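Following: one structure in C-alpha cells, then a few remarks.
2 protein chains.
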Amino acid sequence: MNVAEYMTELGEQARAASREIARADTGDKNRALLAMADAIDASREALVDANQKDMQNGRDKGLDAAMLDRLELTPARIDGMIEGLRQVAALPDPVGGITDMNYRPSGIQLGKMRVPLGVIGIIYESRPNVTCEAASLCLKSGNATILRGGSEAIHSNQAIAACIRQGLEAAGLPQTAVQVVATTDREAVGQLITMPDYVDVIVPRGGKGLIERIANDARVPVIKHLDGICHVYIDAEADKTKALNIAINAKTHRYGTCNTMETLLVDSAVAAETLPELADHYAQLGVELRGCARTLEILPNINAATEEDWATEYLAPVLAVKLVDGMDEAIAHINRYGSHHTDAIITENYTKARAFLREVDSSSVMVNASTRFADGFEYGLGAEIGISTDKIHARGPVGLEGLTSQKYVVLGDGQVRV
Amino acid sequence: MNVAEYMTELGEQARAASREIARADTGDKNRALLAMADAIDASREALVDANQKDMQNGRDKGLDAAMLDRLELTPARIDGMIEGLRQVAALPDPVGGITDMNYRPSGIQLGKMRVPLGVIGIIYESRPNVTCEAASLCLKSGNATILRGGSEAIHSNQAIAACIRQGLEAAGLPQTAVQVVATTDREAVGQLITMPDYVDVIVPRGGKGLIERIANDARVPVIKHLDGICHVYIDAEADKTKALNIAINAKTHRYGTCNTMETLLVDSAVAAETLPELADHYAQLGVELRGCARTLEILPNINAATEEDWATEYLAPVLAVKLVDGMDEAIAHINRYGSHHTDAIITENYTKARAFLREVDSSSVMVNASTRFADGFEYGLGAEIGISTDKIHARGPVGLEGLTSQKYVVLGDGQVRV
Chain A
1 MNVAEYMTEL GEQARAASRE IARADTGDKN RALLAMADAI DASREALVDA NQKDMQNGRD
61 KGLDAAMLDR LELTPARIDG MIEGLRQVAA LPDPVGGITD MNYRPSGIQL GKMRVPLGVI
121 GIIYESRPNV TCEAASLCLK SGNATILRGG SEAIHSNQAI AACIRQGLEA AGLPQTAVQV
181 VATTDREAVG QLITMPDYVD VIVPRGGKGL IERIANDARV PVIKHLDGIC HVYIDAEADK
241 TKALNIAINA KTHRYGTCNT METLLVDSAV AAETLPELAD HYAQLGVELR GCARTLEILP
301 NINAATEEDW ATEYLAPVLA VKLVDGMDEA IAHINRYGSH HTDAIITENY TKARAFLREV
361 DSSSVMVNAS TRFADGFEYG LGAEIGISTD KIHARGPVGL EGLTSQKYVV LGDGQVRV
Chain B
1 MNVAEYMTEL GEQARAASRE IARADTGDKN RALLAMADAI DASREALVDA NQKDMQNGRD
61 KGLDAAMLDR LELTPARIDG MIEGLRQVAA LPDPVGGITD MNYRPSGIQL GKMRVPLGVI
121 GIIYESRPNV TCEAASLCLK SGNATILRGG SEAIHSNQAI AACIRQGLEA AGLPQTAVQV
181 VATTDREAVG QLITMPDYVD VIVPRGGKGL IERIANDARV PVIKHLDGIC HVYIDAEADK
241 TKALNIAINA KTHRYGTCNT METLLVDSAV AAETLPELAD HYAQLGVELR GCARTLEILP
301 NINAATEEDW ATEYLAPVLA VKLVDGMDEA IAHINRYGSH HTDAIITENY TKARAFLREV
361 DSSSVMVNAS TRFADGFEYG LGAEIGISTD KIHARGPVGL EGLTSQKYVV LGDGQVRV
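Same order as they appear, the protein sequences are chains A and B.
Numbering follows UniProt numbering, in which position 26 of the first sequence is assigned residue number 26; successive positions increment by one, without gaps.
Numbering follows UniProt numbering, in which position 35 of the second sequence is assigned residue number 35; successive positions increment by one, without gaps.
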C-alpha cells in the first residue's frame, strides 16, 4: 500500500470515529483517559525499550544534544504523561454546552451548542510526550485525531499509541479515534494537510520553519503558533520596582519559551534612571543586551542592535532594548515588529493602561504583569495544545474550548417562515 | 503600475487604516455609516448613471437575464442600501467588549476582549449592493476592507465607493478603511488572496465554483459558504400537520436560497400516510419530486432519484425524497450527503429531538421548525455577511461578531511567574 492510500484509509477511519467520539458520554471519555494513564503506567518498560531504540538511532544519526534531550522518555516524563491524562480527565467537558438560548420574535427558540471540530491532524517534532498530551485534549473535546510525530521518535510514539488504544478499548470507544501515523515517509505530512474531506483542522507544533511550510501547503485550516516576539514596555509613569521585577522575570524566568520577552521598550523619559540598574541585573544573569543608538548613549558597553534584532525571537539569554518617545511609539513598534503573541505595559497611568490594552494587536495584552503568564495553565485552561498567533478562531493559549466550535440549535413548535 | 504593485499598495493602506478603525469610537463609526447613507441618497442619479453603463456593457456582452437582474440598481435597491446602512449603525458595537474577567490564583485578573480581525478581503459577483452591505458590516466591526466585486459591476461599484469615502471623510475616519478594487484585471483576485501580511481573512460570496477556487488558492484564512444541501426529516413520531407545513415551507417559501430544503427524508413507518398528501401539495406548487426506489412504490408517478441527487443543491423547484428506517439512518444520510448547513427533524419524541440536535453535524440544527429560519435577520444578528459552512471560527450566519475575535487581557499589580 502506498502512502496516499494509507493516509486516505486513516482519514476515512478518523472521519467515521469522529462521529462516535462526538457523541460519546463524558464519563466514557474520562474512563478512556484514565485507562490510558493506567496502560502507560503498566507499560513503562516497553516505553523505555522503544525509546531506547529511538535514542540509539538518533545518536547514530548524529542528532545534537538538545534534540536527544527532547526525544528522551525519562521516568519523570512518563510520570508527566500519566499525570497529564488524569488532569485532562478531571477537566470539564466543553462538548454539548448550550448558551444564549432565547426566544426570537418568530417563536423559535435559538441557542448555540458547543461541538467538536471533527478530525484534528497534529504534526509535531521530536518530543514523544506530545503524542499523549495532544491525543488527550482532542479526545476530551470530542474530536478524532491523526498524529504525525517526528520520524526520530517513531518507536516511542508507536509504543505510546498502543497504550492509547488500550485505553480507548477499555472504555468501549473506537480505537481509530486516535491514530498515530506508522510511517516515517515525509509524504504522509503532505497527504495529511491536503485531505479536507477527512481532516477539519491541522495543529502543527514545532519550529517556525515547519509551521510556515505547513501553513503554506495546507488545504485545510491551520491553527498555528509562529513565533513569540514578546515586548515589555516601561512607560514614563511606571512603578520602578514593578518595572524591574517584570523586566527581569519576563526575560530570565525561562529563555526558551515563546512567552519570554525578546525586546524591551523603555520610555526615553525614564531610561537614564532605569536602564543602568536593569543592565546590572541582566549582566549578573548573563543576558546579552543589544541596544538602539539612544540606548547605547546610556549603556555604552553593550552591543548595537540591528534592524533584524527587532524581528528576532532569540529563545536565548539575549535581549534587544529600544528607547521610545511615549506609548504611541511603543505600540507602533509592537504592532510592526512583534508576532501578535504577548506584550505588556508597565505603568501606573489609567488612561495609558486602557489604551494599550485596546490598541496592541496581540493575543495577550498585559498591564503590570510578566509576559510569562501567557500560558494555558496560568490562564486556567487546564492544559493547552498550543498558543495561537492567528487572528481567526482562537487567539492565545488554546485549550479544550479552542478545539471546539459552536453550532446553532433551533427549537420550534412547527414554525414556518412567512 | 502593475496589478501586483497596485494590490500591495491597497494592502499597505488597508493595514494602516485597520489600526485606526480598530480603535475608532462607536459614535464615529455610526456617524460614518449614516453619512454614507446620506451620500447614497444624494447620489441616486450618479449611481443610476454608472449602473446604466454596466447594464449596457452587460447587454452588449450577452449576460443572461438573471445576471442582468442581479446587476441592476433599481430605486428599491438603492433604498435598501440606505436602510441597511442605517440598520448597521443601530446595531450594538461588538468591539472592545470584555467578558469572563476573573482573578487567577497568581493574582492576575484575566479576561477576554472582543477585537476586530484586521483587514478583510471580500470577493463577490455581480450584485453591486453587496459593496455597501459588506463595507458597512466590516466598518462597524472595526475592520478595514478591500472589496473586489464582479468586473461587470465596476462602474456601479466605483460610484458606491465614492459615497462610502464621503461618509468616512465626514466622520473623520481614514478613507482607506474601505477600498474598492478599481481594476477588472482578474489577477487582482489572485493577489488579494495571497497577501497574508496585509489581509487577515477572505470572505468570498458567490457561486460554489468561485468559492472553491478561492479556498484552494488562498494563502490566508477563508470564511466560506459552499452550498446549502438542507434536509427535513419527518420522523415516525412527527405531528402530521407540523410535518406538512414545514416540508412545504422549507421547500417552497423561496427556491433560490441556501437554507431551502433540497432533500426530504421520511421515516418508512409514516411514509404511506404522509407522502401522497405532501406530493399533492408539491404538485400544485409545481415542485418536481425525485424519489428513491421505496418512495416510487408509494408515489409511482414521480421521477427516480440518482445517487447524484442526494448531493445536489437544486436552488429550483425540485426535491429529492428518500425513505429511511428510523432516525439513525436519517442522521447518517445527512452527515454524509449534506453540506453541514441546516437540517431539521420533525418529531414529538423528546429523546429523538435531543439526539438529533447533538448528532447532526451542521451549522444549524432544528426541531420542528423550517430550515428557512437559518438567516442572520431571523437569528437576530441584525445583518449577515454570509452563512459559514466551515467548522472553525464561525458556523452558520456570520454577523458582526463573526468578523471579530477575542484576545486575552491581563491586569496585574506587578505579578511575576515564580
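For each residue, glycine too, the CB sits at the ideal point set by N, CA and C.
Because the structure is a prediction, the values reported are computed rather than measured.
If the criterion is Cβ atoms closer than 7 Å, does the pair residue i and residue j meet it?
{"i": "leucine 403(A)", "j": "serine 136(A)", "result": "no"}
{"i": "valine 410(B)", "j": "leucine 91(B)", "result": "no"}
{"i": "serine 126(A)", "j": "glycine 150(A)", "result": "yes"}
{"i": "alanine 320(B)", "j": "glutamine 415(A)", "result": "no"}
{"i": "alanine 394(A)", "j": "valine 88(A)", "result": "no"}
{"i": "glutamate 152(B)", "j": "glycine 256(B)", "result": "no"}
{"i": "alanine 17(A)", "j": "alanine 159(A)", "result": "no"}
{"i": "proline 204(B)", "j": "isoleucine 392(A)", "result": "no"}
{"i": "aspartate 325(A)", "j": "serine 268(A)", "result": "yes"}
{"i": "aspartate 54(B)", "j": "leucine 71(B)", "result": "yes"}
Measuring only the C-alpha atoms, how far is residue i from residue j?
{"i": "threonine 371(B)", "j": "lysine 251(B)", "result": "9 Å"}
{"i": "glutamate 45(A)", "j": "leucine 33(A)", "result": "20 Å"}
{"i": "alanine 218(A)", "j": "isoleucine 346(A)", "result": "39 Å"}
{"i": "leucine 63(A)", "j": "alanine 243(A)", "result": "40 Å"}
{"i": "alanine 330(B)", "j": "isoleucine 154(A)", "result": "41 Å"}
{"i": "serine 156(B)", "j": "isoleucine 193(A)", "result": "41 Å"}
{"i": "proline 128(A)", "j": "glycine 207(A)", "result": "15 Å"}
{"i": "proline 75(B)", "j": "leucine 381(A)", "result": "53 Å"}
{"i": "arginine 77(B)", "j": "glutamine 56(B)", "result": "18 Å"}
{"i": "glycine 27(A)", "j": "glycine 172(A)", "result": "11 Å"}
{"i": "phenylalanine 373(B)", "j": "valine 418(A)", "result": "10 Å"}
{"i": "methionine 396(A)", "j": "serine 388(A)", "result": "Note on identity: in this sequence residue 396(A) is glycine, with methionine being the wrong assignment. One C-alpha to the other measures close to 5 Å."}
{"i": "lysine 29(A)", "j": "leucine 139(A)", "result": "7 Å"}
{"i": "isoleucine 21(A)", "j": "valine 95(A)", "result": "11 Å"}
{"i": "alanine 279(B)", "j": "leucine 147(A)", "result": "49 Å"}
{"i": "valine 287(A)", "j": "asparagine 2(A)", "result": "51 Å"}
{"i": "alanine 170(B)", "j": "alanine 35(B)", "result": "7 Å"}
{"i": "proline 276(A)", "j": "leucine 299(A)", "result": "7 Å"}
{"i": "cysteine 258(B)", "j": "asparagine 335(B)", "result": "17 Å"}
{"i": "glycine 209(B)", "j": "alanine 353(A)", "result": "48 Å"}
{"i": "proline 105(B)", "j": "alanine 355(B)", "result": "39 Å"}
Among the options, whose alpha-carbon lies nearest the alpha-carbon of residue i?
{"i": "threonine 99(A)", "options": "Gln406(A), Pro116(A), Arg417(A)", "result": "Gln406(A)"}
{"i": "histidine 340(B)", "options": "Ala144(A), Pro397(A), Val115(A), Arg213(A)", "result": "Val115(A)"}
{"i": "glycine 80(A)", "options": "Thr131(A), Ser106(A), Ala170(A), Lys391(A)", "result": "Thr131(A)"}
{"i": "glycine 97(B)", "options": "Ala383(B), Val365(B), Leu400(B), Thr260(B)", "result": "Leu400(B)"}
{"i": "glycine 386(B)", "options": "Ile392(B), Gly209(B), Asp375(B)", "result": "Asp375(B)"}
{"i": "threonine 274(A)", "options": "Ala311(A), Leu117(A), Ala247(A)", "result": "Ala247(A)"}
{"i": "leucine 85(A)", "options": "Ala22(A), Val365(A), Glu133(A)", "result": "Glu133(A)"}
{"i": "threonine 306(A)", "options": "Ala283(A), Tyr337(A), Glu277(A)", "result": "Tyr337(A)"}
{"i": "aspartate 239(A)", "options": "Val270(A), Leu226(A), Met101(A), Trp310(A)", "result": "Val270(A)"}
{"i": "aspartate 309(B)", "options": "Met261(B), Pro94(B), Gly286(B)", "result": "Met261(B)"}
{"i": "arginine 31(A)", "options": "Arg148(A), Arg358(A), Asp93(A), Leu323(A)", "result": "Asp93(A)"}
{"i": "serine 363(A)", "options": "Asp343(A), Val266(A), Val220(A), Leu117(A)", "result": "Asp343(A)"}
{"i": "glutamate 378(A)", "options": "Asn102(B), Met7(B), Gln52(B)", "result": "Asn102(B)"}
{"i": "leucine 168(A)", "options": "Asp25(A), Ile334(A), Ile214(A)", "result": "Asp25(A)"}
{"i": "glutamate 212(A)", "options": "Tyr124(A), Glu277(A), Asn259(A)", "result": "Tyr124(A)"}
{"i": "alanine 181(B)", "options": "Val365(B), Asn301(B), Tyr350(B), Met7(B)", "result": "At residue 181(B) the sequence reads valine, which differs from the alanine that was named. The residue with the shortest Cα to Cα distance from valine 181(B) is Met7(B)."}
{"i": "glutamate 83(B)", "options": "Asn51(B), Leu47(B), Ala37(B), Asp69(B)", "result": "Ala37(B)"}
{"i": "threonine 241(A)", "options": "Glu348(A), Arg19(A), Ala66(A)", "result": "Glu348(A)"}
{"i": "threonine 263(A)", "options": "Lys61(A), Leu73(A), Val318(A)", "result": "Val318(A)"}
Assuming residue i and residue j form a contact by the criterion Cβ under 8 Å, report the distance between their Cβ atoms to the nearest whole angstrom.
{"i": "leucine 315(B)", "j": "alanine 304(B)", "result": "Contact doesn't hold; Cβ gap of about 21 Å is too wide."}
{"i": "asparagine 143(B)", "j": "isoleucine 122(B)", "result": "The pair is not a contact, with the Cβ atoms about 10 Å apart (cut-off 8 Å)."}
{"i": "glutamine 191(A)", "j": "alanine 4(A)", "result": "6 Å"}
{"i": "glutamate 359(B)", "j": "arginine 23(A)", "result": "5 Å"}
{"i": "glycine 412(A)", "j": "valine 189(B)", "result": "The Cβ separation is near 40 Å, so there is no contact."}
{"i": "isoleucine 229(A)", "j": "alanine 311(A)", "result": "7 Å"}
{"i": "leucine 323(B)", "j": "valine 266(B)", "result": "6 Å"}
{"i": "isoleucine 214(A)", "j": "isoleucine 223(A)", "result": "Incorrect: roughly 11 Å between the Cβ atoms, too far for contact."}
Is the beta carbon of residue i within less than 6 Å of some heavy atom of the ligand HEM?
{"i": "asparagine 349(A)", "result": "No copy of the ligand HEM occurs in the structure displayed, which carries no ligand at all."}
- [ ] For the region 228-239 of chain B and the region 285-292 of chain B, state whether three or more C-beta atom pairs, one from each stretch, are separated by less than 8 Å.
- [x] no
TODO: Taking 8 Å as the threshold, find out whether the region 39-54 of chain B comes into contact with the region 179-191 of chain B through three or more Cβ pairs.
DONE: Contact fails: fewer than three Cβ-Cβ distances are below 8 Å.
- [ ] State whether the region 6-26 of chain B contacts the region 187-197 of chain B, with contact taken as three or more CB pairs (one from each stretch) at a distance under 8 Å.
- [x] Yes, the region 6-26 of chain B is in contact with the region 187-197 of chain B.
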